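J.: Residues in the sequence shown are numbered from 28 upward in steps of one, following my numbering.
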Amino acid sequence: MAVHPIEYRYGRAEVKKIFEEETRVKYMLLTEAALAQAHASVGNIPQAAADEIKEKAKLDYVCLDRVKAIEAEIHHDVMALVKALDEQCGDSGKYIHLGATSNDVTDTALALQIRDYIFLLEKNLLDLRNVLLSQAEKHKKTVCVGRTHAQHAVPTTYGLKFGIWAAEMQRHLERLNEIKPRILVGQMTGAVGTQAAFGEHAAEIQRQVMVELGLGSVDLSNQVIQRDRHSEFMLHLALISESLNKFSTEIRNLQRTEIMEVAEGFRKKQVGSSTMPHKMNPIYAERICGLSRIVKSCGVTSLENIPLWHERDLTNSSPERIILPEAAIILDYILQLSIDLMENLVFHPENIKRNLEMTGGRIMAESVMISLVEAGVSRQKAHEMVRECALESVREKTSFKDKLLAHKEVSTHLSEKQVDEALDPANYVGTAEKQVQDLAEKYS
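(1) Given that a residue counts as buried once 16 or more other Cβ atoms are within 10 Å of its Cβ, and exposed if not, what is D113?
(2) Mind checking whether L139 and Y35 have CB atoms under 8 Å apart?
(3) So for H66, helix, strand or coil by DSSP?
(4) To the nearest angstrom, report how far apart V132 and V212 are at their CA atoms.
(5) Please determine, among A29, L155 and N454, the residue with the shortest C-alpha to C-alpha distance to I361.
(6) Which stretch, first to last residue, makes up the alpha helix (DSSP H) that contains V446?
(7) Are V89 and M369 closer than 8 Å when you measure CB to CB?
(8) List the DSSP bridge partners of G241.
(9) Where DSSP assigns a beta bridge to P182, which residues make up the other side?
(10) When you compare only the Cα positions, how much space is there between I210 and P304?
(11) Cutting at 7 Å between CB atoms, please list the residues of its own chain near N382, excluding the five before and the five after it.
(12) Over the uninterrupted alpha helix (DSSP H) stretch that includes L108, give me the two end residues.
(13) What separation, rounded to the nearest whole angstrom, lies between the Cα atoms of K435 and L441?
(14) To which residues does DSSP link A290 through a beta bridge?
(15) Excluding sequence positions up to five away, which residues of its chain have a Cβ less than 6 Å from the Cβ of W192?
(16) In three-state DSSP terms, what is G457?
(17) Would you grab the beta carbon distance between Y185 and H166 for me? Rounded to a whole angstrom, and I think it's under 8 Å.
(18) If you scan the stretch 346 to 421 from start to end, which runs of the alpha helix (DSSP H) of 4 or more residues do you find wholly inside it?
(19) By a C-beta neighbour count over all protein chains shown, 10 Å radius and 16 as the cutoff for buried, is F146 buried or exposed?
(20) I'd like to confirm something about R36: is its beta-carbon nearer than 7 Å to some heavy atom of the ligand ADP, or not?
(21) Could you tell me which of N454, K469 and E468 sits nearest to V181, measuring between CA atoms?
(22) Comparing C-alpha positions only, which one of E100, A99, K44 and L125 sits nearest to A60?
(23) Taking 8 Å as the CB-CB cut-off, is D118 touching chain C?
(24) Please name the residue, chosen from D87, N130, T128 and A127, that lies closest to A111 on a Cα-to-Cα basis.
(25) Hey, would you say I278 sits closer than 8 Å to A312, going by beta carbons?
(26) Tell me the residue span of the alpha helix (DSSP H) that contains L139.
(27) Nearest-angstrom Cα distance between R389 and F427?
(28) What's the gap between the Cα of T439 and the Cα of T183?
(29) Going by alpha carbons, who is nearest to I252 out of T128, Q178, Q445 and L431?
(30) Which of the three DSSP states, helix, strand or coil, is assigned to V212?
(31) Between C325 and P334, what straight-line distance do the alpha-carbon atoms span, to the nearest angstrom?
(32) Could you give the uninterrupted runs of the alpha helix (DSSP H) lying entirely in the stretch 312 to 339, keeping only those of 4 residues or more?
(33) Exposed or buried, what is K461 when buried is set at 16 or more other beta-carbons lying within 10 Å of its beta-carbon?
(34) In chain order, what residues of the same chain have a beta carbon less than 6 Å from the beta carbon of V413, not counting five sequence neighbours either side?
(35) With a CB to CB cut of under 6 Å and the five nearest residues on each side skipped, what residues in its chain are close to I33?
(36) Find out if the Cβ-Cβ distance for the pair E49, L108 is shorter than 8 Å.
What follows is the structure, encoded as structure tokens:
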């Protein structure tokens, strides 16, 4: 019976498969096979034995049920796998796991799982970046209210908003490429990292195993690959999730009834509330925000896995079995939701225009100030003049334009036509459009 929502509600099958027990066993077997081949290449064991181990180190021969049955007896998962493989290899079985400690196999296998996941993660990040960039280009001329402290500030464009997000996703791609060499590594270092049990060819054995598996090698280790590597990866997942949280929070705010400039797409038969038939809730955005908290919490736990006693203890093992697949599966899921969300946004131009005009032109106060400076007024004086007009307009609930034209010094320096031009939001978005165009060219 399913218990965790990942089992029945969240996550894609192809991502879950990466972290299934059978996949873990498959990669542990692959590691054992590579180790046997490396031993044979340096003359430690017969090549025929290594070939036998390689042939039998597959799920066709070593089934998960048998491994679990042995583990139930001996209470050690890696030794259970070794025994299950040994059963299939005859006399060659005596060379299985030669010189290795458990984490040489499990940590190396984990790196293979992470590598498979990173392949999907990269595609998700690139797809979301491109969707955001597409929205940026589509709306590079869509002027809207810029808000700071949740208050109307000055105009901006939706193109710039989405362009900023696209650039953020690009940085996540770059960070991922930077950390790959640090996380996609395996080890063959033995009980406490000295490689003593591997003999004089220890370094070459480790090198050959990792070449065979397509991984890098640790420089130094003790019994485990050091957990700063895994924590860096987990924190990167958390960082991505917080970007998705940020994007979705903005969409949720923009979908507020009193704002309603941009909204989540609502499907024809979708139901918003069991009791309020009119509701059209931002369910994807809210789910993204909620699940991002889980990914972040997994990142925090990964930090606590870094300090282990002496050459290692087991306190990292049990939480990692939970947090790594959980964070990876959930992040993939909310990345997929984010792509869908951003592709299917609904824009309401009439509300965007309404909100630009909501303050009666006061959103353009900085524009008027700059126009006065260009007309020869000092910046500080211009600021005070415009501030007085804006505050009077608020107090008296009158037109900001009328207050400006009624102000003797303002009207001395600016004509009505110049005031109108300064109050037009489309005239005050600076290089926003060019920034988006430059970004699109950079990523093309």
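Quick reminder that beta carbons are idealized off the backbone N, C-alpha and C, glycines included.
Computed from a prediction, not measured in an experiment: that's the story for all the values here.
T.: Quick answer:
(1) The sequence position of residue 113 within the sequence shown is 86, counting from 1. The residue in question, D113, is buried, as its Cβ has 16 or more Cβ neighbours within 10 Å.
(2) The count along the sequence shown starts at 1 and reaches residue 139 at position 112. The count along the sequence shown starts at 1 and reaches residue 35 at position 8. Using a Cβ distance threshold of 8 Å, L139 and Y35 do not count as a contacting pair.
(3) Translated into the one-based positions of the sequence shown, residue 66 becomes position 39. In this structure, DSSP gives H66 a helical state, which the three-state scheme calls helix.
(4) Looking up residue 132 in the sequence shown gives position 105. Looking up residue 212 in the sequence shown gives position 185. Their backbone Cα atoms lie some 12 Å apart in a straight line.
(5) The residue labelled residue 361 in the question sits at position 334 within the sequence shown. Taking only the C-alpha atoms, the option nearest I361 is L155.
(6) Along the sequence shown, read from residue 1 onward, the residue named residue 446 stands at position 419. Counting along the chain, the alpha helix (DSSP H) containing V446 begins and ends at E443 to A449.
(7) Translated into positions along the sequence shown, residue 89 becomes position 62. Translated into positions along the sequence shown, residue 369 becomes position 342. No, they are not a contact pair.
(8) Taking the first residue of the sequence shown as position 1, residue 241 is located at position 214. Paired residues: none, contrary to the question.
(9) For the purposes of this step, residue 182 is identified with residue 155 of the sequence shown, where counting begins at 1. V172, per the DSSP bridge assignment.
(10) One-based indexing of the sequence shown puts residue 210 at position 183. One-based indexing of the sequence shown puts residue 304 at position 277. One C-alpha to the other measures close to 49 Å.
(11) Taking the sequence shown and counting its residues from 1, the one referred to as residue 382 is at position 355. Apart from sequence neighbours up to five positions away, the residues of its chain that approach N382 with a beta-carbon distance below 7 Å are V172, I286 and E288, ordered along the chain.
(12) Here the question's residue 108 lines up with position 81 in the sequence shown. It spans D104 to C116 - the alpha helix (DSSP H) in which L108 sits, taken as one unbroken run.
(13) Numbered from 1 along the sequence shown, position 408 holds the residue referred to as residue 435. Numbered from 1 along the sequence shown, position 414 holds the residue referred to as residue 441. Straight-line Cα distance between these residues: approximately 10 Å.
(14) Stepping through the sequence shown from its first residue, residue 290 is reached at position 263. DSSP lists V373 as partners of A290.
(15) Within the sequence shown, residue 192 is the residue found at index 165, counting from 1. Excluding sequence neighbours, W192 sits near L159 and F274.
(16) As a first step, residue 457 must be located in the sequence shown, where it is residue number 430. Here G457 sits in coil by DSSP.
(17) Translated into the one-based positions of the sequence shown, residue 185 becomes position 158. Translated into the one-based positions of the sequence shown, residue 166 becomes position 139. Correct: roughly 4 Å between the Cβ atoms.
(18) Qualifying alpha helix (DSSP H) stretches, in chain order: 376 to 383 and 392 to 401.
(19) Looking up residue 146 in the sequence shown gives position 119. Of the other Cβ atoms in all chains shown, fewer than 16 fall within 10 Å of the Cβ of F146; this residue is therefore exposed.
(20) Inclusion of the ligand ADP in the displayed structure is not the case, the ligand content being empty and no account of it being possible.
(21) Here residue 181 corresponds to residue number 154 of the sequence shown, with the count starting at 1. In terms of Cα proximity to V181, the closest of N454, K469 and E468 is N454.
(22) Here residue 60 refers to the residue found at position 33 of the sequence shown. Nearest C-alpha to A60: L125.
(23) In the structure shown, chain C cannot be found, because there is only a single protein chain.
(24) Numbered from 1 along the sequence shown, position 84 holds the residue referred to as residue 111. Closest option to A111, Cα to Cα, is D87.
(25) What you label residue 278 is simply residue 251 of the sequence shown in a count that begins at 1. What you label residue 312 is simply residue 285 of the sequence shown in a count that begins at 1. It is a contact, given that the beta carbons lie within the stated cut-off.
(26) Here residue 139 corresponds to residue number 112 of the sequence shown, with the count starting at 1. Secondary structure note for L139: its alpha helix (DSSP H) is the uninterrupted segment S129 to K165.
(27) Here residue 389 refers to the residue found at position 362 of the sequence shown. Here residue 427 refers to the residue found at position 400 of the sequence shown. The alpha-carbon atoms of R389 and F427 are separated by roughly 6 Å.
(28) To locate residue 439, count along the sequence shown from 1; it is residue 412. To locate residue 183, count along the sequence shown from 1; it is residue 156. If I take the Cα positions, the gap works out to 29 Å.
(29) Along the sequence shown, one-based indexing puts residue 252 at 225. The candidate whose alpha carbon is nearest that of I252 is T128.
(30) Numbered from 1 along the sequence shown, position 185 holds the residue referred to as residue 212. V212: strand per DSSP, three-state reduction.
(31) Here residue 325 refers to the residue found at position 298 when the sequence shown is read from its first residue. Here residue 334 refers to the residue found at position 307 when the sequence shown is read from its first residue. C325 and P334 have their C-alpha atoms roughly 16 Å apart.
(32) Within the stretch 312 to 339, no complete alpha helix (DSSP H) run reaches 4 residues.
(33) Within the sequence shown, residue 461 is the residue found at index 434, counting from 1. Counting the other CB atoms within 10 Å of its CB gives K461 a total below 16, which places it among the exposed residues.
(34) By 1-based counting over the sequence shown, the position of residue 413 is 386. Cβ within range, chain order: A392, V395 and M396.
(35) The count along the sequence shown starts at 1 and reaches residue 33 at position 6. Around I33: I356.
(36) Indexing the sequence shown from 1 puts residue 49 at position 22. Indexing the sequence shown from 1 puts residue 108 at position 81. Taking 8 Å as the cut-off, the beta carbon of E49 is found no closer than this to the beta carbon of L108.
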